[in-house]
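Please read the structure below before turning to the comments.
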Amino acid sequence: MNAMTEHKAILKIFGSDWDKNQNRGCRMTNISRFLQIGQRLYHSTDKIYADFVKSLETLPYIDMDSKILKEYLEIAKVANGLCAFEECLIFYPYHLVGGRITNLAEVDSVLSINKSEWKKAYCSIEECFLFARNVLGEHFGINSTHIIQFFPDLGDIREIASSFEEFLGTILEGYPHLCGYDEAQAYRGQGEVIEFGKVLCPKIPYILGGEDSGLTRLDFGEFSALYADIYTQTKDLPDGAQIEIEIV
């Protein structure tokens, strides 16, 4: 099934649910639509969730009164990590000890991501709470006012929504592009496999002129360290500068 066919199939399912809910005088939200198709990763309990909420307060940039953060926590309360669109989008779990729902490989916890060394390399996300990533290694996060998309090769961010309802509506409509679904389908169409949690990336990073280098897959830890290192070495160079990258 190609991206467009699957997209239409998903919208058809949502349309059916819409009709059922219309008869009851209510409207299915984008959040509920997304939770309906997402695959849960780990079990949780009220205590585990409460401990997670408390642990967020250890992050100095977290505003517990933020409307967007409260929306995120409502999702986290019912889903301790999830994936969607043939594993091209991963919402990080917050508790990994036991209780795995699927047989998929383990991924990083959302707190470990936000305390990671590679994240410290980017001033653009210094005060952003990262909660999800796509198969291309691009992250989605929360800053003081918006949900953002983060591009690790250039260290850039793009504000894409001011609420989770808006964000997930954008994802549901645009996942072939926003989640790297099209690239993943093309890669798999060549007989390749993308193991759960791995990142699909150019063999030579685009910032180094690798537009035509083809795609490969890397462990996320290797990918994030590599791109943070490249960004650190190139961020202050003028456009058109000749460079030699030393990857350590």
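Numbering (the numbering used here), first residue to last: 52 to 299. By construction, the Cβ of each residue, glycine as well, lies at the ideal position given by its N, Cα and C atoms.
Based on DSSP bridge pairs, tell me the residues matched to Val-250.
Leu-269, per the DSSP bridge assignment.
Would you check if the distance between the CB atom of Ala-156 and the CB atom of Phe-247 is smaller than 7 Å?
-> Their beta carbons are under 7 Å apart, which means Ala-156 touches Phe-247 by this criterion.
**Prompt:** Are there three or more Cβ pairs, one per stretch, closer than 8 Å when the stretch 232–247 is compared with the stretch 190–201?
**Reply:** Fewer than three beta-carbon pairs drawn from the stretch 232–247 and the stretch 190–201 are found closer than 8 Å, and the two stretches are therefore not classed as touching.
If you run the structure through DSSP and keep just helix, strand and coil, what is Ala-156?
Here Ala-156 sits in coil by DSSP.
- Query: Within 10 angstroms of its Cβ, does Val-158 collect 16 or more other Cβ (buried), or is it exposed?
  - Reply: Counting Cβ neighbours within 10 Å, Val-158 comes out buried, since at least 16 surround it.
Work out the CA separation of Lys-286 and Asn-81 for me, nearest whole Å.
-> Distance from the CA atom of Asn-81 to the CA atom of Lys-286, rounded to whole angstroms, is 37 Å.
Q | Sequence-distant residues of its chain with Cβ nearer than 8 Å to Lys-171 (five each side left out) | A | Excluding residues up to 5 positions away in sequence, Glu-177 lie with their Cβ nearer than 8 Å to the Cβ of Lys-171 in the same chain.
Practice prompt. Answer yes or no: do Ile-193 and Phe-180 have a C-beta to C-beta separation smaller than 7 Å?
Written response: The Cβ-Cβ distance between Ile-193 and Phe-180 falls below 7 Å.
Item to complete: Measure how close the beta-carbons of Phe-103 and Tyr-145 come, nearest whole angstrom, since I'm counting them as under 8 Å.
Response: Your pair Phe-103 and Tyr-145 checks out as a contact, with CB atoms roughly 4 Å apart and the cut at 8 Å.
Practice prompt. Give the DSSP-derived three-state secondary structure of Gln-200 in the structure shown.
Written response: DSSP, read as helix, strand or coil, puts Gln-200 in strand.
Legend entry - Leu-140 - DSSP class collapsed to helix/strand/coil: The answer is strand: DSSP assigns Leu-140 an E or B state.
Query raised in the report: So Ala-183 packs on Ile-119, CB below 8 Å; how close in whole Å?
Result: No, Ala-183 and Ile-119 are not in contact; Cβ-Cβ is about 13 Å, not under 8 Å.
request  = Note down the Cα distance separating Ser-95 from Pro-289, rounded to an integer number of angstroms.
outcome  = Our two residues, Ser-95 and Pro-289, have alpha carbons roughly 48 Å apart in a direct line.
Host beta strand (DSSP E) of Glu-210 (start-end): That run of the beta strand (DSSP E) goes 207–212.
7 Å Cβ cutoff met for Ser-213 and His-190: In this structure, His-190 does not lie closer than 7 Å to Ser-213 by Cβ.
task = Output the distance between the C-alpha atoms of Asn-72 and Leu-107, rounded to the nearest integer angstrom.
result = Note on Asn-72: pLDDT 44, under 50, position unreliable in the model; the coordinate value appears next. Cα to Cα, Asn-72 sits roughly 35 Å from Leu-107.
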